[in-house]
Amino acid sequence: QQQVKQSPQSLIVQKGGISIINCAYENTAFDYFPWYQQFPGKGPALLIAIRPDVSEKKEGRFTISFNKSAKQFSLHIMDSQPGDSATYFCAADTGTASKLTFGTGTRLQVTL
Amino acid sequence: GAVVSQHPSRVICKSGTSVKIECRSLDFQATTMFWYRQFPKQSLMLMATSNEGSKATYEQGVEKDKFLINHASLTLSTLTVTSAHPEDSSFYICSARGGKREKTQYFGPGTRLLVL
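Encoded structure:
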């Protein structure tokens, strides 16, 4: 019940295209859903986060869509750039446990 | 933005020695710090959670006598890998969070440990 399932495992997108990464969860106690970006040999960096009281949050080229009834959330990267090539992790946190449960990660490659 | 540093960034040691990794929150007070381990091309695995001034809470399967965690101040936590062996070679990452109601975890740059 604590798992967060992430797909796809890897993704290749052309420059200028839209990258979409999906996550699904079971635990309805999760109330905070961040996305992290990680470059090789570096620590994860917070990209954007959402709480379940909103269905969408946008920051620049990055958008989180959240579907509470389906227990799914996704990251959309608009106008994908080669510099976006990295591994992306979704995560979820509960109000009480307050520790992140991470998805398995998606390796994104943006080609020229 | 909140900055978390780690030192050293990489360390190579001989089998049987102990290695200490420092994690510091540079511009905020971290009531809680987390230690993760990450194997190549895998997700982050939480090892333990530490709150300032109290004992760390270890995840199931993590040996507390092997991985000693100290969170002596609101800006510093240390992870000591005792009697390191080659199987302990990994990428260790810390994160820090501000107040107890704060959700966001800020991650350090990670420490690459190689045990020969």
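Residue numbers (my numbering), protein chains in the order written: chain A, -16 to 95; chain B, 3 to 118.
Ideal Cβ positions, reconstructed from N, Cα and C, are used throughout, including at glycine.
How would you list, in chain order, the residues of chain A whose beta-carbon sits under 8 angstroms from the beta-carbon of B/Gly110? To locate residue 110 of chain B, count along the second sequence from 1; it is residue 108. Within chain A, the residues near B/Gly110 are Gly26.
Buried or exposed: which applies to B/Ile14, given that a residue is buried once 16 or more other Cβ atoms fall within 10 Å of its Cβ? Taking the first residue of the second sequence as 1, we reach residue 14 of chain B at position 12. Per the 10 Å Cβ criterion, exposed.
Can you tell me which of B/Gly55, B/Ala74, B/Leu46, B/Glu54 puts its alpha carbon nearest to the alpha carbon of B/Glu61? Mapped onto the second sequence, residue 61 of chain B falls at position 59. Of the listed residues, the one whose Cα sits closest to B/Glu61 is B/Leu46.
By the three-class DSSP mapping on this structure, what secondary structure does B/Glu89 have? Here residue 89 of chain B corresponds to residue number 87 of the second sequence, with the count starting at 1. Correct three-state label for B/Glu89: helix.
For a quick check, are the C-beta atoms of A/Thr87 and A/Lys(-12) less than 9 angstroms apart? Numbered from its first residue, the first sequence carries residue 87 of chain A at position 104. Numbered from its first residue, the first sequence carries residue -12 of chain A at position 5. Yes, the Cβ-Cβ distance between A/Thr87 and A/Lys(-12) is below 9 angstroms.
Residues that B/Phe36 contacts on chain A, provided the C-beta gap is smaller than 9 angstroms: In the second sequence, counting from the first residue as 1, residue 36 of chain B sits at position 34. Under the 9 angstroms cutoff, chain A gives Lys82, Leu83.
Grab me the residues of B/Asn72's own chain with a C-beta within less than 6 angstroms of its C-beta, minus the 5 sequence neighbours each way, in chain order. Translated into the one-based positions of the second sequence, residue 72 of chain B becomes position 70. Cβ within range, chain order: Thr80.
Listing by chain order, which chain A residues have their CB less than 8 angstroms from the CB of B/Ser45? On the second sequence, residue 45 of chain B is found 43 positions in, with the first residue counted as 1. Here the neighbours are Phe72, Phe85, Gly86, Thr87, Gly88.
Find the residues of chain B that neighbour A/Ala15, judging by a C-beta separation of less than 9 angstroms, and give them in chain order. By 1-based counting over the first sequence, the position of residue 15 of chain A is 32. For clarity, residue 15 of chain A is Tyr in the given sequence; the question names Ala instead. What A/Tyr15 touches in chain B: Lys105, Thr106.
Could you check what DSSP says for A/Pro65 in three-state terms: helix, strand or coil? Translated into positions along the first sequence, residue 65 of chain A becomes position 82. A/Pro65: helix per DSSP, three-state reduction.
Alpha carbon to alpha carbon, how far is A/Ala53 from A/Gly26? Give it in angstroms, no decimals. The count along the first sequence starts at 1 and reaches residue 26 of chain A at position 43. The count along the first sequence starts at 1 and reaches residue 53 of chain A at position 70. Within the model, the alpha-carbon separation for A/Gly26 versus A/Ala53 is close to 31 angstroms.
Closest to B/Cys25 by CA distance: which of B/Val6, B/Arg39, B/Ser17, B/Gly18 is it? Residue 25 of chain B sits at position 23 when you count from the first residue of the second sequence. Considering only alpha carbons, the answer is B/Val6.
Output yes if chain A places a C-beta closer than 9 angstroms to the C-beta of B/Phe93; else output no. Reading the second sequence from its first residue, position 91 is the one you call residue 93 of chain B. True, the Cβ-Cβ gap to chain A drops below 9 angstroms.
I'd like the list of long-range same chain contacts for A/Asp76, defined as Cβ closer than 6 angstroms, with 5 residues on each side in sequence excluded. Here residue 76 of chain A corresponds to residue number 93 of the first sequence, with the count starting at 1. Setting aside the 5 residues that flank it on each side, A/Asp76 is surrounded in the same chain by Tyr15, Leu83, each with a C-beta closer than 6 angstroms to its C-beta; the list follows chain order.
For B/Ala122 versus B/Thr82, is the C-beta spacing smaller than 9 angstroms? The structure shown does not extend to residue 122 of chain B, since chain B is modelled only from 3 through 118, so no value can be given for it.
Classify B/Arg39 as helix, strand or coil using the three-state DSSP reduction. Against the second sequence, residue 39 of chain B aligns to sequence position 37. Here B/Arg39 sits in strand by DSSP.
Collapsed DSSP secondary structure at B/Phe30 in the structure displayed: Here residue 30 of chain B refers to the residue found at position 28 of the second sequence. Of the three classes helix, strand and coil, the one that applies to B/Phe30 here is coil, per DSSP.
Assigned exposure category for B/Val117 - 16 Cβ within 10 Å defines buried: For the purposes of this step, residue 117 of chain B is identified with residue 115 of the second sequence, where counting begins at 1. It is buried - the Cβ of B/Val117 has at least 16 other Cβ atoms within 10 Å.
Could you pull the start and end residues of the beta strand (DSSP E) that B/Val83 belongs to? By 1-based counting over the second sequence, the position of residue 83 of chain B is 81. B/Val83 -> beta strand (DSSP E) spans 78 to 83.
Looking only at its own chain, which residues have a Cβ that is under 8 angstroms from the Cβ of B/Ser20, when we skip the five neighbours before and after it? Working through the second sequence from its first residue, we reach residue 20 of chain B at position 18. If we look at B/Ser20 and ignore the five residues flanking it on each side, its Cβ neighbours are Thr82, Val83, Thr84, Ser85, Ala86.
Under 9 angstroms Cβ-Cβ, which residues of chain B neighbour A/Asp76? The residue you call residue 76 of chain A lines up with position 93 of the first sequence. Ordered by position in chain B, the residues that pass the 9 angstroms Cβ test against A/Asp76 are Lys105, Gln107.
DSSP on A/Val(-13), reduced to helix/strand/coil? Against the first sequence, residue -13 of chain A aligns to sequence position 4. Correct three-state label for A/Val(-13): strand.
Using Cβ-Cβ distances below 8 angstroms, what residues of the stretch 20 to 33 of chain B are close to chain A? none
Using a Cβ-Cβ cut-off of 9 angstroms, state whether A/Leu29 counts as contacting chain B. In the first sequence, counting from the first residue as 1, residue 29 of chain A sits at position 46. Yes, because at least one Cβ of chain B sits closer than 9 angstroms to the Cβ of A/Leu29.
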